[in-house]
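Number of protein chains: 2
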Amino acid sequence: MASIKDVAAEAGVSVATVSRVLNDHPSVSADARTRVLSAVETLGYRPNAVARSLRTDQTHTLGLVISDVMNPYFTELARSVEEAARALGYSVIIGNADERPDLQDHHVRNLLDRRIDGLLVSPTDGGSPLMLDAARGGTPMVFVDRWIPGVDVPVVRADGLEAVRDLVAHLHGLGHRRLAIIAGPAATTTGQERVAAFREALGAYGLDLPDVYIGQGDFQADSGRRVTEGFLALPEPPEVVFAADNLMALGALDAIRARGLRVPDDIALAAFDDIRWFVHTDPPITAIAQPTGELGRAAVRALVDRIEGRPPESVTLPARLVVRRSCGEPAPPEPPPAQSPAVRSPVRRSQT
Amino acid sequence: MASIKDVAAEAGVSVATVSRVLNDHPSVSADARTRVLSAVETLGYRPNAVARSLRTDQTHTLGLVISDVMNPYFTELARSVEEAARALGYSVIIGNADERPDLQDHHVRNLLDRRIDGLLVSPTDGGSPLMLDAARGGTPMVFVDRWIPGVDVPVVRADGLEAVRDLVAHLHGLGHRRLAIIAGPAATTTGQERVAAFREALGAYGLDLPDVYIGQGDFQADSGRRVTEGFLALPEPPEVVFAADNLMALGALDAIRARGLRVPDDIALAAFDDIRWFVHTDPPITAIAQPTGELGRAAVRALVDRIEGRPPESVTLPARLVVRRSCGEPAPPEPPPAQSPAVRSPVRRSQT
DNA sequence: GCGTCCGATGTAATCGATTCCACGCGTCAC
DNA sequence: GTGACGCGTGGAATCGATTACATCGGACGC
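The listed protein sequences correspond, in order, to chains P and Z.
With the numbering used here, the residue at position 312 of the first sequence is 312, and numbering never jumps.
With the numbering used here, the residue at position 232 of the second sequence is 1232, and numbering never jumps.
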């Protein structure tokens, strides 16, 4: 592969001049510039990003460590992050933690070793020593979706409280009184918050959330199945199962189906996180939708602000309820499928 | 951030010795080794991968350029690639082309600039000059899923011919005679092959595939909707729609539903690529499943073989038909959901 | 006792860029 | 006419690692 030296030789100038042309530094003669450019062309030269990064101490790369790529919510988040980053001249390297703290640490370490300019994390757990060091250390960092309390890092996330209240109102209105939740890991903020929001919303109707109606899941489909099987085996099974993410809802559906029961006649189902397939499941599933694209963009904006020396902002966006038929009639008309669901909602910001 | 010099100073040795310890070179005294190791510990030193890569001309990184991350098939492929690569000591940088040749070029260029050790590509089109140069040039490369004919690069893919024959047999057995396909872009091999396989399989039953029953899609949901709307508006609409990927099947479902029609009573639907949600759609969708995990692993194996100087092998694995209810009764019993669908099938290999 | 060999170590070159500094030369002001 | 200035350019240092080569002792064989 041709290096800057080859280009310099070909153009009959010094490497310094080649570098100046490449970084369009003003003081280069028109003549030298054209000679360099044509040398670049004939050699098919491309600057070595590794060497450049070593010298400039910048990689123009963001790291994104997410909990689980196979979860459509995170896939979409990753996509919007990459898109936003690209628009700002950054590349993204994705690390998939698969909800495993050890894998998460592996990726964080890997990204740090590569000297990425900044790190976007959706933590799988309460924070390993490595993660905490990274957060306190010099690396610009922003949490997205989930965060670690007590760490001074901006957070970009959706607030589901209002939507969960709407959901409970909907369920209550349909006559449901025994409501259960498949929770995410207690070590994650989303794992805790969704249970807390659910309990609070139930409280407003004088309902409580007994321990047997809280199933401990891990945001993966299998745990949804396992927990739901437990619910169904109860002497008094719940009338509604609320899955704290879409994969556990899938597992719940598996379990319900394996028992030969029907949704919503025998048991109702709702999920946190909306995905396109929920429109076409049997029955269509009522879900809480997050403004995923906005979250990704806001997260990148915050991180790049930090990297480039501007004060980053924490952002909290509202989630919203999408009612379908999985909790019982009536089934509201689904709006015609649009290119992208038009989620226009007010933005709440708070300085960090 | 501490550098190797700081470690050397702290340990009272030269940088060469530190480097030797780090790369566990045999000729280092036990004393020096422990001193270096403890210096590393106290300084929290981590070697700079950028500098190391520059010197050794190896990044221990694989590039993966896929056509569309939001397509669950590719998401899963990416996941298995990363897993397999990690097991072999490589990291993976994913580039998402979103089915856009310009974006694909962007990512290929970016990865090449970063001097990745090898490139895994599922080409979005017939091959841009950049891609062809890269293939002919020194960069180790392997195609996965899709490939570019006439380029001497190993290919790892699934062969759907047998499965498509099974599908057509199934459809024919159910009495369907007017079968349509939503094709992928003609510039992709999978776009062409699936149509060809479908046509050939129809031919075995004396059926043909008229042009009006070939809808031109682009592997995205919207095109599936658009094409299906066209089919339904035909004076003689098809009895079956076969979508060449799962996203276009989703779009087809949208269109069918918008028309107020039912699957399979009014029209049957089948898809290439099986995804977990197909079990729970209304109705469960008959699909052709690819051994995605195997493909990812085989692709990494082939690429790493090339990188490390061993002769790489092209691999073709068979896809298989999974019959559900979307093409009409009878609905075979779905096996109980397993951790991972046990796809055990013979492996055909061919030397490249 | 002396030459040889080997193990442990340090010095310095190197990878491919960027960038500080110095230099040469032409222009302009005084 | 001369000094100051600025522009275009090249030389060389630098980033943080790896590694070839040189050096220095000590052990060992004869």
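Idealized CB from N, CA, C, for every residue including glycine.
Predicted model only: the values in this text are computed from it and were never measured.
- Message: Using beta carbons (cut-off 8 Å, strictly below), is Pro70 of chain P in contact with chain Z?
- Response: The amino acid occupying residue 70 of chain P in the given sequence is Met; Pro does not appear at that position. So, interface residue.
- Message: Counting only C-beta atoms, is Leu1112 of chain Z closer than 8 Å to chain P at any point?
- Response: The C-beta of Leu1112 of chain Z comes closer than 8 Å to at least one C-beta of chain P.
- Query: When the cut-off is 8 Å and only beta carbons count, does Pro47 of chain P lie next to chain Z?
  - Reply: So, interface residue.
- Item | Cα-Cα separation, Thr17 of chain P to Val28 of chain P | Answer to the nearest angstrom: the Cα atoms are 7 Å apart.
- Query: What did DSSP end up calling Asn1096 of chain Z once you bin it into helix, strand or coil?
  - Reply: Look at Asn1096 of chain Z here: in three-state DSSP terms it is strand.
- Query: For Val164 of chain P, which option in P:Pro318, P:Met1, P:Val7 and P:Ile4 has the closest C-alpha, if you only look at C-alpha atoms?
  - Reply: Ranking P:Pro318, P:Met1, P:Val7 and P:Ile4 by Cα distance to Val164 of chain P puts P:Pro318 first.
- Query: Counting contacts by CB-CB distance shorter than 8 Å, is Ile1267 of chain Z in contact with chain P?
  - Reply: Ile1267 of chain Z does not count as touching chain P.
- In chain order, what residues of the same chain have a beta carbon less than 8 Å from the beta carbon of Asp1057 of chain Z, not counting five sequence neighbours either side? If we look at Asp1057 of chain Z and ignore the five residues flanking it on each side, its Cβ neighbours are Arg1115.
- Message: Using C-beta distances below 6 Å, list every residue in its chain close to Ser3 of chain P, excluding the 5 sequence neighbours before and after it, in chain order.
- Response: There are no such residues.
- Task: With DSSP collapsed to three states, give me the class of Gly1118 of chain Z.
- Result: Of the three classes helix, strand and coil, the one that applies to Gly1118 of chain Z here is strand, per DSSP.
- Task: Report yes or no: is there a C-beta of chain Z within less than 8 Å of the C-beta of Asp218 of chain P?
- Result: Against chain Z, the CB of Asp218 of chain P has no partner CB under 8 Å away; the residue lies outside that interface.
- Task: Let me know the alpha helix (DSSP H) ranges lying completely inside the segment 1215-1249 of chain Z, each 4 residues or longer, listed in chain order.
- Result: Runs found: 1221-1233.
- Task: Tell me the start and end of each unbroken alpha helix (DSSP H) in the segment 1050-1109 of chain Z that is at least 4 residues and wholly inside, in chain order.
- Result: Those alpha helix (DSSP H) runs which fall completely within the segment 1050-1109 of chain Z and span 4+ residues are 1072-1087.
- Task: Check the Cβ of Val1050 of chain Z against every Cβ in chain P and list those closer than 8 Å, keeping chain order.
- Result: Neighbourhood of Val1050 of chain Z in chain P, by CB distance below 8 Å: Val50, Ser53, Leu54, Thr59, Arg114 and Arg115, in chain order.
- Message: So, with DSSP's three-state summary, where would you put Ser38 of chain P?
- Response: Under the three-state reduction of DSSP, Ser38 of chain P is assigned to helix.
- Please say whether Gly1217 of chain Z and Met1248 of chain Z have beta carbons closer to each other than 8 Å? Cβ atoms of Met1248 of chain Z and Gly1217 of chain Z: closer than 8 Å.
- Message: Is there a C-beta anywhere in chain P that falls below 8 Å from the one on Ile1091 of chain Z?
- Response: Going by the sequence as given, residue 1091 of chain Z is Ser instead of Ile. Yes, because at least one Cβ of chain P sits closer than 8 Å to the Cβ of Ser1091 of chain Z.
- Message: Looking only at its chain, what residues have a beta carbon closer than 6 Å to the beta carbon of Ala1287 of chain Z, apart from the 5 residues adjacent to it on each side?
- Response: So the qualifying residues of the chain are Ala1271, Asp1274, Phe1278 and Val1322.
- Looking only at its own chain, which residues have a Cβ that is under 6 Å from the Cβ of Asp145 of chain P, when we skip the five neighbours before and after it? Cβ contact annotation for Asp145 of chain P (same chain, cutoff 6 Å, sequence separation greater than five): Ser122 and Arg157, in chain order.
- Message: Residues of the segment 1080-1106 of chain Z in Cβ contact with chain P at a cutoff of 7 Å, in chain order, please.
- Response: Under the 7 Å Cβ criterion, the segment 1080-1106 of chain Z contributes Glu1082, Ser1091, Ile1093, Ile1094 and Asn1096.
- Task: Kindly indicate which three-state DSSP category Val141 of chain P falls into: helix, strand or coil?
- Result: The amino acid occupying residue 141 of chain P in the given sequence is Met; Val does not appear at that position. Collapsing the DSSP output to three states places Met141 of chain P in a strand.
- Task: Count the C-beta pairs between the segment 1062-1073 of chain Z and the segment 1091-1099 of chain Z that are closer than 8 Å, then say yes if the count reaches three, no if not.
- Result: At 8 Å Cβ cutoff, the stretches touch.
- Message: Less than 8 Å between C-beta atoms, sequence neighbours within five positions excluded: which residues of the same chain meet that for Pro1238 of chain Z?
- Response: Apart from sequence neighbours up to five positions away, the residues of its chain that approach Pro1238 of chain Z with a beta-carbon distance below 8 Å are Arg1178, Leu1179, Ala1180, Tyr1213, Phe1231 and Ile1267, ordered along the chain.
- Message: Using a Cβ-Cβ cutoff of less than 7 Å, which residues in the same chain neighbour His1060 of chain Z once the five nearest sequence positions on both sides are dropped?
- Response: Correct list, in chain order: Gly1089, Tyr1090, Ser1091 and Asp1117.
- Task: Below 6 Å CB to CB, which residues in the same chain sit around Thr1139 of chain Z once its five sequence neighbours on both sides are set aside?
- Result: Cβ neighbours of Thr1139 of chain Z beyond the five flanking positions: Leu1119.
- Would you kindly check if the distance between the Cβ of Ala49 of chain P and the Cβ of Glu10 of chain P is under 8 Å? Between Glu10 of chain P and Ala49 of chain P, the C-beta gap is not smaller than 8 Å, which leaves the two residues out of contact.
- Item | Distance CB(Ala244 of chain P)-CB(Ile285 of chain P) smaller than 8 Å | Remark: C-beta atoms of Ala244 of chain P and Ile285 of chain P do not approach each other more closely than 8 Å.
- Query: Is there a Cβ from chain Z that is less than 8 Å from the Cβ of Thr75 of chain P?
  - Reply: Judged by the 8 Å Cβ criterion, Thr75 of chain P is in contact with chain Z.
- Message: Taking the straight line between their C-alpha atoms, what separation do you get for Val142 of chain P and Ala302 of chain P?
- Response: Looking at the two C-alpha atoms, the distance is approximately 7 Å.
- When the Cα atoms are used, what is the spatial distance from Ser1350 of chain Z to Thr124 of chain P? The pLDDT assigned to Ser1350 of chain Z is 47, lower than 50, so where the model puts this residue is not dependable, and the model offers no usable value.
- Message: In this structure, how does DSSP classify Gln1339 of chain Z when only helix, strand and coil are distinguished?
- Response: Because the pLDDT at Gln1339 of chain Z is just 44, under 50, the model does not fix this residue reliably, and the point stays unresolved.
- Item | Short CB-CB distance (under 8 Å) between Ala39 of chain P and chain Z | Chain Z, which has no Cβ nearer than 8 Å to the Cβ of Ala39 of chain P, makes this no.
- Task: Establish whether the CB of Ala271 of chain P and some CB of chain Z are separated by less than 8 Å.
- Result: Not an interface residue.
- Item | alpha helix (DSSP H) segment containing Leu1171 of chain Z, residue limits | Per DSSP, Leu1171 of chain Z is one residue of the alpha helix (DSSP H) stretching across Leu1161 to Gly1173.
- Message: Excluding the 5 residues flanking Met1001 of chain Z on each side, which residues of the same chain have their C-beta closer than 6 Å to its C-beta?
- Response: Closer than 6 Å at Cβ, skipping near neighbours: no residue.
- Enclosing beta strand (DSSP E) for Leu207 of chain P [first to last residue]: Annotation for Leu207 of chain P: no beta strand (DSSP E) segment contains it, and DSSP assigns it neither H nor E.
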